[in-house]
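**Student:**
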Amino acid sequence: MRSERTPFVGGPLDGRVLPVLVGPTGKPPRVYRVPVPGDEVQPDRVYVYRLEPVGHSRLLRLPRGWHYVYDPDAGD
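FYI, the numbering for the sequence shown is -9 to 66, going by my numbering.
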């Protein structure tokens, strides 16, 4: 499978660029979930990131790239 280096914005992964597996069209998944195991004090958490286009081309309005944006309200 092919992966693409995708930047993350906001949340605990802010500023990181991670390889994300892409589908047959070359687009990363719409939602990226990061499970974080808990310990005695903190319960298990899931950080949720949503895919957004970085920009669009002028002529056809096609996305120029993708990044993930932290969604604090979507955590399980």
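We treat Cβ as the ideally placed atom computed from N, Cα and C, and that holds for glycine.
Nearest CA to the CA of Tyr60: which residue from Gly45, Leu52, Leu41 and Leu50?
**Tutor:** Leu41
**Student:** Do the segment 6 to 19 and the segment 30 to 40 make contact, defined as three or more Cβ pairs closer than 8 Å?
**Tutor:** Taking one beta carbon from each stretch, the segment 6 to 19 and the segment 30 to 40 have fewer than 3 pairs nearer than 8 Å; the two do not touch.
**Student:** From the DSSP output, in three-state form, read off Leu49 for me.
**Tutor:** coil
**Student:** Going by the DSSP bridge assignment, what does Arg40 pair with across the sheet?
**Tutor:** Val21 and Val59
**Student:** Who does Glu(-6) pair with in a DSSP beta bridge?
**Tutor:** Val10
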